[in-house]
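Comments concern the structure below.
In UniProt numbering, the protein residues as written are 1 to 255.
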C-alpha cells in the first residue's frame, strides 16, 4: 500500500465508503478531476446503490497512487497503461518502476577525459604501465589512443591533488584498492539490511498490487539517503578514532 494511505474505517468498524464529493475531498482533488479519472478508466467502478455511487478504500488508495505517479512525471496516458497492464496480470513491479529504482545508480559521479599530454604533465614518470594497469584493474579508467576516461571527476581530482602534495601515485592506488575492498563489504552489509528488514515485498513481487509496488518504490527512495548518511557519519567517526590513536602512539614513541 502507498505511504500515507491509512486504514480507514467507519464508526461501526466496517471499511468506510465515500460519496463522490467525499472521496474527492479525501484525495485532495476536485470532483471534476475524479470524474475525469473515471472516464479515463483510471479508477475502479464504484459500488452502485440505486443512483448513488459508493467508493471505498481501494479507490482512495488508487487516487493517491495516481497523484504520486503524476508527481514523478508520469503522464495520465502512461498511468492508464500501467494500471491496465497491472490489472491484466503483467509484472506490476517492473511497470511501476520498482526494479528500475532498485537498480538505479547510487553515485552521481561524472566521468572526465584526460589526454596523454595532460597525464604526463600531472604524473610525470609515475605514469607507468604498472600504474595504468592497476587503474584499469580497479575499474576506474578506460584507455583510448589519445588518452583515458576516468569514471569519477572527483576521484581523479583527489588523485591529482594527492600526487601534487608528494604522495606517490602507486601509494594512492594501493589505498584506493584497500578502500574499495572495505567499502564493498559496507555496501554488502547495507544491502543485507535492506533485503532482510525493509524490502520483504520483493519476496512476493509477482503478487504486488500497483499500490504496493509504488509504496515499495517510495520506501527504497527514502532509504537511499539514510544509507549514505550512515556510511558518511561512521567513516568520519572512524577517522576520529584512528587519527587519535595514531597521534597518541606517535607521542608515546617520541617520549
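No residue lacks a Cβ here, since even glycine has one placed at the ideal position from N, Cα and C.
For the 9 Å CB-CB criterion, residue 151 and residue 111 form a contact. Scanning the region 64-138 from its first residue to its last, the whole alpha helix (DSSP H) runs of 4-plus residues come out as 76-87, 92-96, 98-103, 116-123 and 129-137. Under the 10 Å beta carbon count, residue 214 is surrounded by 16 or more other beta carbons and is classified as buried. Each of 176, 148 and 119 was checked against the Cα of residue 155, and the nearest Cα belongs to 176. Here residue 165 is exposed, its C-beta having fewer than 16 other C-beta atoms within 10 Å.
In terms of Cβ geometry, residue 148 and residue 178 do not form a close pair [threshold 9 Å]. Counting C-beta pairs with one atom in each stretch, the region 13-25 and the region 56-66 have three or more that are closer than 8 Å, which means they touch. Boundaries of the beta strand (DSSP E) harbouring residue 47: 47-49, taken from the DSSP string. DSSP places residue 39 within a helical segment (H, G or I) once states are collapsed to three. With a 10 Å radius around the Cβ and a threshold of 16 neighbouring Cβ atoms, residue 83 comes out buried. Taking residue 42 as the centre and dropping the five residues before and after it, the same chain places the C-beta of 62, 66, 76, 79, 80 and 83 closer than 8 Å to its C-beta, in chain order.
Partner residues in the beta bridge of residue 53, as assigned by DSSP, are 48. With a 10 Å radius around the Cβ and a threshold of 16 neighbouring Cβ atoms, residue 217 comes out buried.
Around residue 223, the same chain offers 194 and 198 as residues with beta carbons nearer than 7 Å, after the five sequence neighbours per side are excluded. By the 16-neighbour rule on beta-carbons within 10 angstroms, residue 159 is buried.
Spanning the alpha carbons of residue 225 and residue 254 requires a straight line of approximately 43 Å. Inter-residue distance for residue 244 and residue 235 is about 14 Å (C-alpha atoms, whole angstroms). DSSP, read as helix, strand or coil, puts residue 254 in helix.
Cα atoms of residue 33 and residue 108: separation of roughly 38 Å, rounded to the nearest angstrom.
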